[in-house]
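Here is the structure we will look at, set down as structure tokens.
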Amino acid sequence: MHATKSLTRAMLAMTPAILLAVFPGTTAAGAAPPLPLLHIDASQVTGQVSPLHYGLMTEEINYSYEGGLYGELLRNRTFKAVTNEAKYWRATGPATIALDPATPLNEALNVSLQLIVPATADNAPAGLANDGYWGIPIRPQTSYHASFYAKAAPGFAGPLTVALASADGRTTFAHAEVSGLTGDWKKFDVTLTTKNVPPSKDNQFTITTTAPGTIWFQQVSLFPPTFAGRANGSRPDLMQLMADLQPKFLRFPGGNYLEGDYFNERFDWKKTVGPLEQRPGHRSPWKYWSTDGFGLPEFLGWCEDLHMEPVLAVFAGYALKKDYLTAGPALEPYVQEALEEIEYVTGDAATTKWGAQRAKDGHPAPFRLRYVEIGNEDWFDRSGSYDGRFAQFYDAIKAKYPQLQLIATAKVKSRVADLLDEHYYRSQEEMELHALDYDKYSRTNHTKIFCGEWATRVGSPTPNMAGALGDAAWMTGMERNSDLVVMQCYAPLFVNVSDLREGGSMQWKTDLIGYDALNSFGSPAYYAQKMFSASRGDQILATSSRDIPQQTWQPPARKRNGVLQPLPPPQQLQKLFFSATRDHQSGKIFLKIVNSLGTPQPVEIELTGVQSVADAGQATVLQASRLDDTNSLQDPAKIVPLTAPIQNLDKNFRCTFPAYSITVLEITAK
Ligand code: AHR
1 MHATKSLTRA
11 MLAMTPAILL
21 AVFPGTTAAG
31 AAPPLPLLHI
41 DASQVTGQVS
51 PLHYGLMTEE
61 INYSYEGGLY
71 GELLRNRTFK
81 AVTNEAKYWR
91 ATGPATIALD
101 PATPLNEALN
111 VSLQLIVPAT
121 ADNAPAGLAN
131 DGYWGIPIRP
141 QTSYHASFYA
151 KAAPGFAGPL
161 TVALASADGR
171 TTFAHAEVSG
181 LTGDWKKFDV
191 TLTTKNVPPS
201 KDNQFTITTT
211 APGTIWFQQV
221 SLFPPTFAGR
231 ANGSRPDLMQ
241 LMADLQPKFL
251 RFPGGNYLEG
261 DYFNERFDWK
271 KTVGPLEQRP
281 GHRSPWKYWS
291 TDGFGLPEFL
301 GWCEDLHMEP
311 VLAVFAGYAL
321 KKDYLTAGPA
331 LEPYVQEALE
341 EIEYVTGDAA
351 TTKWGAQRAK
361 DGHPAPFRLR
371 YVEIGNEDWF
381 DRSGSYDGRF
391 AQFYDAIKAK
401 YPQLQLIATA
411 KVKSRVADLL
421 DEHYYRSQEE
431 MELHALDYDK
441 YSRTNHTKIF
451 CGEWATRVGS
461 PTPNMAGALG
471 DAAWMTGMER
481 NSDLVVMQCY
491 APLFVNVSDL
501 REGGSMQWKT
511 DLIGYDALNS
521 FGSPAYYAQK
531 MFSASRGDQI
541 LATSSRDIPQ
551 QTWQPPARKR
561 NGVLQPLPPP
571 QQLQKLFFSA
581 TRDHQSGKIF
591 LKIVNSLGTP
601 QPVEIELTGV
611 QSVADAGQAT
621 VLQASRLDDT
631 NSLQDPAKIV
641 PLTAPIQNLD
651 KNFRCTFPAY
661 SITVLEITAK
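Using our numbering, read the sequence shown as starting at 1 and increasing by one per residue.
Written out as structure tokens, the structure is:
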């Protein structure tokens with residue numbers, strides 16, 4: 001379910017006062033301490049808002065794709081998740097099931113599931129069952145596409161019954177019969193259509209028979225309708241949540257998922273293209289199996305569906321368990337692999353090998369690619385090999401694709417990277433402490449920044465209001481400095497919240513969007529980002545301030561080599577953050593203000609460099625009464641932005657921002 005709260009007529013009438021108190025003019029002089037003052041000089045454009053704010057980033061973590069975005073509903077469809085059992089599959093009735101490495105479908109899917117149905121099955125159907133990723137979503141009047149490869153030992157007369165049923169087996173929502181199994185592998189497809197049933201997720205998928213025999217299965221798959229009807233596509237509710245963020249690019253495939261724990265567990269892109277049954281799958285460094293049904297073509301399809309630019313990260317010869325190759329001939333195959341990957345994305349379908357493969361995979365037209373990232377977080381590589389590895393990739397890619405912008409993931413000296421990828425995972429206070437950092441970066445000679453992973457890691461599984469406030473403070477800094485921070489994306493994007501125990505569906509706490517098999521929700525941080533993205537503007541306006549409220553913060557003591565260090569000195573934290581941009585075509589000014597205090601904050605706002613300001617404007621406010629307030633599956637719309645008209649705007653006005661709030665003011669000025 002996608003959480004939204006729309007304003008009713010009655011709410012609209014009352015919200016201006018409740019949302020935001022706006023008064024004309026400046027404060028009366030008196031003994032009271034001066035109010036904070038924000039000054040926007042609309043005659044001074046300090047830079048252009050980068051068109052690449054905001055992007056998306058996630059990877060195969062927290063069941064983001066399998067059990068998440070990827071439409072596939074059956075868990076371990078290729079039986080390769082573990083080698084000693086058909087994990088997540090059950091025998092039903094008197095049947096037995098086992099992995100059979102001696103009966104592979106092909107080299108990629110080199111094992112199958114063997115089902116033995118005894119003669120006693122003629123009284124009670126026997127077969128196999130799968131419970132999906134913590135459930136199988138059943139919706140009313142919905143058609144599901146089930147498919148599988150199967151073959152049978154001589155003597156099996158069939159047929160098979162494919163069904164969607166409740167977990168207790170009492171209700172069958174839809175079923176279909178399949179016959180014609182032979183001694184050779186054959187693919188079967190059926191459509192299962194539900195009637196007018198209530199939505200539910202505690203369900204199972206079964207294939208049963210009453211005919212005795214031995215049957216082998218491979219790639220047993222179940223797809224619901226997907227976003228834009230794309231074959232092998234994505235979950236519509238999650239796609240819509242992302243579309244509502246108006247993302248400009250997608251950084252993929254990772255993250256750690258690009259690197260893998262070991263070289264042979266990297267994102268080996270060639271094994272993620274072509275027909276699904278030719279993709280062997282691999283283990284994600286987040287400790288679960290990926291079928292790679294969501295592979296390179298699917299990442300590109302995702303970009304296309306959401307009108308995003310691909311930002312392609314290529315494996316750069318360093319794996320998470322610290323294995324690496326130094327620059328030189330041994331690294332060369334990986335450089336070639338990257339060049340071929342770029343060719344897959346951009347190459348001509350008629351004249352290049354990998355462009356032709358892309359066409360075979362259903363996309364003859366090349367994709368537009370401008371950014372390629374070399375590796376991921378190579379600052380972890382303490383061997384110092386990154387400089388040389390980067391140079392080798394840089395030279396080869398620039399020689400063949402001089403138009404590409406290359407992103408380094410750690411500082412390099414041997415070449416001038418076009419962008420540097422910085423990652424920040426911080427507490428709310430740390431985000432606030434660093435929210436002004438980019439204001440201080442030199443503009444002469446500084447490499448442009450791609451803030452490729454950032455998040456205020458407060459709240460689990462998804463960020464709470466404290467997380468949203470930290471994020472918003474940080475976003476004001478990135479927006480104000482987007483001439484330098486030209487690209488940025490929050491990470492990670494997704495978490496399946498079905499089982500939050502160790503070893504369950506979450507490997508990383510604090511993820512923007514949560515879901516189970518049936519429903520989904522955006523966190524307060526999701527809505528903060530949506531507000532910023534929807535009011536980007538294209539010109540950064542000069543701002544200055546005075547008397548901004550501060551608070552003293554004691555940073556926690558840190559451990560070094562397992563030993564707790566003395567407390568660091570206390571820090572003064574700013575508690576009010578802001579940035580101003582303008583859409584040069586409409587003249588609309590977007591003023592974003594973050595009040596991290598637990599009390600309402602009146603602020604004087606002064607606009608210069610304009611002739612006049614329209615009395616009426618608009619305010620969008622995200623607010624909570626507690627820092628740990630949050631959204632969840634049970635209460636998906638607890639904290640969502642409210643938009644309402646406001647009045648009394650002028651060149652000078654006073655506005656009181658609610659406690660713990662993020663506000664976007666839209667001001668029309670000439
Ligand atoms: O976003 C989660 C992880 O954080 C990424 O995989 C990695 O790049 C970073 O350390």
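From the three backbone atoms N, C-alpha and C, an ideal C-beta is built for every residue, glycine too.
Model, not experiment: these values are computed from the prediction.
Going by DSSP, what residue range makes up the alpha helix (DSSP H) through residue i?
| i | result |
| --- | --- |
| residue 240 | 236-243 |
| residue 148 | No alpha helix (DSSP H) contains residue 148, which is instead part of the beta strand (DSSP E) from 143-152. |
| residue 354 | 353-360 |
| residue 218 | Note, residue 218: premise wrong, no alpha helix (DSSP H); beta strand (DSSP E) at 213-223. |
| residue 450 | Per DSSP, residue 450 belongs to no alpha helix (DSSP H); it is in the beta strand (DSSP E), 448-456. |
| residue 475 | 465-480 |
| residue 531 | 524-534 |
What is the residue span of the beta strand (DSSP E) that residue i lies within?
| i | result |
| --- | --- |
| residue 168 | First-last for residue 168: undefined, no H or E at that position. |
| residue 92 | 89-92 |
| residue 431 | First-last for residue 431: 428-434, but that is the alpha helix (DSSP H), not the beta strand (DSSP E). |
| residue 117 | 112-117 |
| residue 601 | 601-608 |
| residue 251 | 249-252 |
| residue 310 | 309-314 |
| residue 205 | 203-209 |
| residue 580 | 576-582 |
| residue 24 | 21-24 |
| residue 335 | Element bounds for residue 335: not the beta strand (DSSP E) but the alpha helix (DSSP H), 332-346. |
Within the present structure, is the beta-carbon of residue i separated from the nearest heavy atom of ligand 1 by less than 7 Å?
| i | result |
| --- | --- |
| residue 430 | no |
| residue 377 | yes |
| residue 68 | no |
| residue 491 | yes |
| residue 61 | yes |
| residue 673 | Nothing can be reported for residue 673: it is not among the residues displayed for the chain, which extend from 1 to 670. |
| residue 496 | no |
| residue 260 | no |
| residue 373 | no |
| residue 282 | no |
| residue 671 | Past the edges of the chain, shown from 1 to 670, lies residue 671, and the structure says nothing about it. |
| residue 265 | no |
| residue 254 | yes |
| residue 422 | no |
| residue 453 | yes |
Compare the C-alpha of residue i against each of the options and name the closest.
| i | options | result |
| --- | --- | --- |
| residue 621 | 631, 646, 349 | 646 |
| residue 348 | 464, 336, 363, 24 | 363 |
| residue 224 | 599, 484, 140, 342 | 140 |
| residue 107 | 173, 90, 233, 78 | 78 |
| residue 552 | 432, 656, 592, 585 | 432 |
| residue 109 | 76, 89, 131 | 76 |
| residue 484 | 513, 367, 443 | 443 |
| residue 241 | 346, 365, 493, 440 | 493 |
| residue 291 | 535, 670, 297, 80 | 80 |
| residue 385 | 160, 323, 473, 125 | 323 |
| residue 122 | 209, 266, 352, 128 | 209 |
| residue 387 | 341, 603, 328, 251 | 328 |
| residue 404 | 412, 413, 394 | 394 |
| residue 407 | 270, 357, 252, 643 | 252 |
| residue 702 | 35, 20, 46 | No answer is possible for residue 702: the residues shown for the chain start at 1 and end at 670. |
The stretch 464-481 contacting the stretch 94-103, beta-carbon criterion three pairs below 8 Å: no
Pairs of beta-carbons, one from the stretch 510-530 and one from the stretch 448-464, closer than 8 Å: are there three or more? yes
Tell me, please, whether the stretch 568-583 touches the stretch 61-74 by the rule of three or more beta-carbon pairs shorter than 8 Å. no
Within 8 Å, do at least three Cβ pairs link the stretch 306-321 to the stretch 371-388? yes
Quick one: any contact between the stretch 627-634 and the stretch 30-40, if contact means 3 or more CB pairs under 8 Å? no
So, does the stretch 407-422 touch the stretch 588-596, judging by three or more C-beta pairs under 8 Å? no
Sufficient close CB pairs (3 or more, under 8 Å) joining the stretch 259-273 to the stretch 177-195: no
Is the number of C-beta pairs between the stretch 36-45 and the stretch 611-619 that are closer than 8 Å three or more? no
Contact between the stretch 242-254 and the stretch 199-214 (3+ Cβ pairs under 8 Å): no
Taking three-plus beta-carbon pairs below 8 Å as touching, is the stretch 503-516 in contact with the stretch 437-452? no
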